[in-house]
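Before any comments, here is the structure.
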Amino acid sequence: MNAHPTGPVAQAIEQRLRAALSPTRLVVTDDSESHRGHAGHDGSGESHFTVEIVAPAFEGQGRVARQRAVNAALADLLAERVHALAIKARAPSEAQGSAEV
Numbered sequence: 002m003n004a005h006p007t008g009p010v011a012q013a014i015e016q017r018l019r020a021a022l023s024p025t026r027l028v029v030t031d032d033s034e035s036h037r038g039h040a041g042h043d044g045s046g047e048s049h050f051t052v053e054i055v056a057p058a059f060e061g062q063g064r065v066a067r068q069r070a071v072n073a074a075l076a077d078l079l080a081e082r083v084h085a086l087a088i089k090a091r092a093p094s095e096a097q098g099s100a101e102v
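All the letters of the sequence shown, read from the start, carry residue numbers 2 to 102 under my numbering.
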């Protein structure tokens, strides 16, 4: 798992989520290579991602509200550059034992 994204899209995802949600844990994983040859993979990479995020802002929110918050922070990237985004969003109270990143 890549905890420190290296590509420009992965870096933009990380920067935007840190600014919008102040997470205590954030892992952005570029899954693009495993989607080679599938719909949405144009060969340039950085099209499919998984985001694992733990943020105090998620306390008391349901799964849909959390995903909407992540999607809102990344709206233009999702519209223009990212084909698929898997979101694993938790509140700190649900993430006991998770290392902070």
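Beta carbons: idealized from backbone N, C-alpha and C, even for Gly.
This structure is a prediction, so every number in the text was calculated from the model and none was measured.
A residue is called buried once 16 or more other Cβ atoms fall within 10 Å of its Cβ, and Ser48 is buried on that count.
Sequence-distant Cβ neighbours of Leu22 in its own chain, meaning closer than 6 Å and more than five residues away, are Ala56, Ala58. Here the C-alpha atom of Leu78 lies approximately 9 Å from the C-alpha atom of Asn72. With a threshold of 16 other beta carbon atoms within 10 Å, Val28 meets it and is buried.
Within the same chain, and ignoring the five residues on either side of Glu95 in sequence, no residue has its Cβ closer than 7 Å to its Cβ.
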